[in-house]
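Worksheet for the structure shown next.
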Amino acid sequence: MIGLLRSALKGSLLFVLSSSALAEETPSLPSKEAIDVIWLATAAAMVFLMQAGFALLESGSSRAKNCINVAMKNYMDVCLGSLCFWVFGFGLMFGNNPTGFFGTSAFGVSVEGSTWDYSFILFQMMFAATAATIASGAMAERARFGAYLVIACVITGFIYPIFGSWAWGSAYEGSGWLAERGFIDFAGSSVVHSVGGWCALAAIIVLGPRLGRFGPEGEVRDIPGHNLNYVAMGGFILWFGWFGFNGGSTVGANVNIGIINLNTQLAAAAGALGATLLSKLSGKPTVVSTIVNGSLAGLVGITAGCASMDPLFAIFTGFSAGCVYIAFNQFLLALRLDDVVGAVAVHGAAGAWGTLCAGIFFKDDMFNINIIVTQVIGIGSCFIWSFGSGMIFFYAIDKVIKLRSDSLHEQRGLDFTEHAEVSYPEFVRDSYYNKTNLEGMER
Amino acid sequence: MNTTDPNLVTKKKAIYAGLRAHLSKREAIEALVMWEDRYAAKTGFSVRYFVSDLVKKHGAGKIPAKQIHMGIVSALSQGNVKDLEDPTELINSYRKLNDLPENETRYSLPETEALEVLLKKLLLAIKEENKKNDIISYVRSQVKNLEVNKDLKSEFINWLRDHQYKIRVAGKVEVRELQKITTLFYVACCEYLGPTETDAILAQTLHALSNNGGATFTHIFKKLL
């Protein structure tokens, strides 16, 4: 009996000791704020990776003589864009906004926030850089490097944040006239993508087409990109980054991330399918850029409504956005506008379409005419502001510092004339602008 | 060239004054003879090139190039050159004594010759005759807008009419001016052939030229393209 009691006591003691030891080893659970910060910072990093996707897609779509220039533009616009957004953009977009048209506080130097605030600023900074980088692809192969960087600063520091404040200002300190009307744009089909796309449209109008893109009778000439594998790889990276772009727009850890990213995936897949089918039906071959841009159009399209749509409608939105991309690209070519990567159709037109779909298929209140009217107002105001201000700024930049490269530079290639670099020195043997001829060449 | 042109006399006086401060009388006259031969016909006179030619002639470090350059520039910028010595008589005597022609105008440079060779080859590489004609008509219509030396422009227009015509321009032609002509050709080719074909033809032309006698021009093509 005593033996039994002793062994029971021993066992209880061991249990108590091991329990307390376990209690000491178990770490305390992270707070909700910590989880939010972790998710937002991770999502920001994923959105940052989209810059690599853009760089690959755009440089692959350009000729070998301009591909470094395109990559450098992507690299530098994220650098300058981040700083401009920090100093001016964030305050204009999310600062105290008494008029509903632009913020007046929270400029870079005056931000004193919590840990979440810093993640939020970082996340929004990546969005601003994305809006700017959209224009670089459209303007590739004939825009001066310095002038493009000024454009990137104007977009990230002014054009993007002003429209952003109308639609998203209320997400932080401010408010916005569109947000107050109930405008739906969850992750930025209009706020990010259409703004970038319409700015790109203004830029290509001011710039003019590349030499020989259109023949004397108006015929369209293809100027093939130098590396289609880059284009496909860029598409994959952008697709991956979009899970952070849309998923991160919850701005915190949230159970809805699952449906948001499921819709994102379905729309991207449907977008590629839509673009491919329409291209096939119109008797054209299925080229890499059609498939990749189709999926991107699907992604852009679903960005506005990814949190407020059922998967079936996400598929419809993505599929139709892929078709919108094909149709709008043809429309631009008919106007003799040269968009190297199809950025205006993918981001501008598909973004506008996606924003409309977000209103039409708004969960629990589909086909509500009031919501649709608000969406149309938002899409229209986005176009008027982004395209209008873009035209004014880019025309002024062209007058003051010249936006377009000289014909001589276009002939030599911007890698050579702007950066004194040759992207493939070992392989470019039949081009005059090779590494051997680089030295001593007057630029 | 009329060496008694009042503007030239004024220039000559100023340059002589600038040179005399650092060179002997004979050296200064020799330098002025060179100036007459190479630079007097040029509308835009560059002191830098003239001094650089002097340095080449005398050898690096043998003459105070910087001071000469500054001396000439300051003499040229002086408003009143009436009181300066006119070296015309001295130059003429020097020419007679050394049995030199009265004045020698130097024509064309290897760059202009290279330009002709390049353009001829480029046009040869275009197989379709109608496109070739379109390109030439385009260049002809645009050449009047080119900001280049008037003589070069009219010589180039003559060359467009007849490719056997020799482009000869008095004085020094700036390479940038020749570049503008090659660029105009490139733009015309892009317009009628498309950029991809144009780049291919240009690469093919340069390759052919460097393999078939054009190798001597290779370093000049670097400047022109």
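The listed protein sequences correspond, in order, to chains A and B. If you want the working numbering, it's the position in the first sequence, counting the first as 1, plus 89. Quick note: the second sequence, position 224, residue 211 per the working numbering, numbers continuous. By construction, the Cβ of each residue, glycine as well, lies at the ideal position given by its N, Cα and C atoms. All of these numbers come straight from a predicted model, not from anything done at the bench.
Could you compute how far the alpha carbon of residue i sits from the alpha carbon of residue j?
i: A/PHE395; j: A/ALA218; result: Checking the displayed sequence, the identity of residue 395 of chain A turns out to be Cys instead of Phe. Their backbone Cα atoms lie some 21 Å apart in a straight line.
i: B/LEU6; j: B/LEU133; result: 37 Å
i: B/VAL34; j: A/PRO514; result: 39 Å
i: A/SER512; j: B/LEU110; result: 29 Å
i: B/HIS194; j: B/ARG155; result: 26 Å
i: A/MET182; j: B/LYS209; result: 50 Å
i: B/LYS131; j: B/LYS140; result: 8 Å
i: A/TRP128; j: B/GLU164; result: 59 Å
i: B/ILE144; j: A/ALA289; result: 40 Å
i: B/LYS153; j: A/PRO305; result: 31 Å
i: B/LYS12; j: B/ALA4; result: 10 Å
i: A/VAL389; j: B/LEU189; result: 41 Å
i: A/ALA292; j: A/GLY285; result: 10 Å
i: A/ALA160; j: A/ALA144; result: 5 Å
i: A/ILE468; j: A/LYS373; result: 31 Å
i: B/THR183; j: A/ILE312; result: 6 Å
i: A/ALA439; j: B/THR185; result: 34 Å
i: B/GLN54; j: A/ALA509; result: 35 Å
i: A/LEU146; j: B/HIS150; result: 45 Å
i: B/VAL60; j: B/LYS(-2); result: 11 Å
i: A/GLY324; j: A/LEU267; result: 32 Å
i: A/PHE472; j: A/MET480; result: 11 Å
i: A/VAL239; j: B/ASN198; result: 45 Å
i: A/ILE391; j: A/ALA403; result: 6 Å
i: A/MET322; j: B/ILE122; result: 39 Å
i: A/ALA153; j: A/GLY189; result: 46 Å
i: B/ASP256; j: B/VAL135; result: The question about residue 256 of chain B has no answer, for chain B in this structure spans -12 to 212.
i: B/LEU102; j: B/LYS44; result: 28 Å
Which chain A residues sit within Cβ distance under 8 Å of residue i?
i: B/GLU178; result: LEU300, GLY301, GLY304 and PRO305
i: B/TYR36; result: By Cβ distance, chain A contributes nothing, its closest Cβ being about 16 Å from B/TYR36, past 8 Å.
i: B/THR170; result: ASP495, SER496, LEU497 and GLN500
Which residues of chain A have a Cβ atom closer than 7 Å to the Cβ of residue i, listed in chain order?
i: B/THR99; result: Result: empty, since nearest Cβ-Cβ is about 17 Å, beyond 7 Å.
i: B/VAL104; result: Ordered by position in chain A, no residue passes the 7 Å Cβ test against B/VAL104, which lies about 15 Å from the chain.
i: B/VAL20; result: Ordered by position in chain A, no residue passes the 7 Å Cβ test against B/VAL20, which lies about 31 Å from the chain.
Listing by chain order, which chain B residues have their CB less than 8 Å from the CB of residue i?
i: A/ARG493; result: Near A/ARG493 there are no residues of chain B at all, since even the closest Cβ is about 13 Å away, more than 8 Å.
Cβ closer than 7 Å: which chain B residues qualify as neighbours of residue i?
i: A/ILE312; result: PRO182 and THR183
How close, in whole Å, do the beta carbons of residue i and residue j come, if the pair is a contact with beta carbons under 8 Å?
i: A/GLY411; j: A/LEU355; result: Contact flag wrong, Cβ pair sits at about 12 Å.
i: B/LEU283; j: B/LEU171; result: Absent from the structure is residue 283 of chain B, since the part of chain B shown begins at -12 and ends at 212.
i: B/ALA1; j: B/LEU63; result: 5 Å
i: A/SER475; j: A/TYR319; result: Not confirmed; about 28 Å, so no contact.
i: A/GLY330; j: A/VAL126; result: That pair is no contact at about 20 Å.
i: A/ALA432; j: A/ILE223; result: 5 Å
i: B/THR192; j: B/LYS108; result: 5 Å
i: A/GLU499; j: A/ASN158; result: The Cβ separation is near 11 Å, so there is no contact.
i: A/TYR237; j: A/LYS162; result: 5 Å
i: A/VAL309; j: A/TYR484; result: Going by Cβ atoms, the distance from A/VAL309 to A/TYR484 rounds to 25 Å, so no, they are not a contact pair.
i: B/PRO98; j: B/ILE207; result: It should be noted that the sequence gives Glu, not Pro, for residue 98 of chain B. The Cβ separation is near 5 Å, so the contact holds.
Taking residue i as the query, report the chain A residues whose CB atoms sit under 9 Å from its CB, ordered along the chain.
i: B/VAL135; result: Result: empty, since nearest Cβ-Cβ is about 14 Å, beyond 9 Å.
i: B/VAL174; result: LEU300, GLY301, SER496, GLU499 and GLN500
### Query
Using 8 Å as the Cβ pair cut-off and three pairs as the minimum, do the segment 495 to 507 of chain A and the segment 222 to 233 of chain A touch?
yes
### Query
Per the contact definition of three or more C-beta pairs closer than 8 Å, is the segment 439 to 454 of chain A in contact with the segment 254 to 265 of chain A?
no
### Query
Going along the chain, which residues of the segment 414 to 426 of chain A sit with their C-beta nearer than 9 Å to a C-beta in chain B?
none
### Residues of the segment 65 to 86 of chain B with Cβ closer than 9 Å to any Cβ of chain A, in chain order
none
#### Entry: At least three beta-carbon pairs within less than 8 Å, the segment 411 to 420 of chain A to the segment 279 to 289 of chain A
no
### Query
Counting pairs of beta carbons, one from the segment 166 to 175 of chain A and one from the segment 341 to 351 of chain A, are three or more of them closer than 8 Å?
no
### Query
Counting pairs of Cβ atoms below 8 Å between the segment 205 to 216 of chain A and the segment 262 to 273 of chain A, do you hit three or more?
no
### Query
Does the segment 485 to 497 of chain A touch the segment 140 to 150 of chain A, meaning 3 or more C-beta pairs lie closer than 8 Å?
no
### Message
Can you confirm whether the segment 160 to 174 of chain A touches the segment 243 to 255 of chain A when touching is taken to mean that 3 or more C-beta pairs between the two stretches lie within less than 8 Å?
### Response
yes
### Query
Is the segment 167 to 184 of chain B touching the segment 289 to 308 of chain A in the sense that three or more CB pairs, one from each, lie closer than 8 Å?
yes
### Message
Does the structure place the segment 382 to 391 of chain A close enough to the segment 413 to 432 of chain A that three or more beta carbon pairs sit under 8 Å?
### Response
yes
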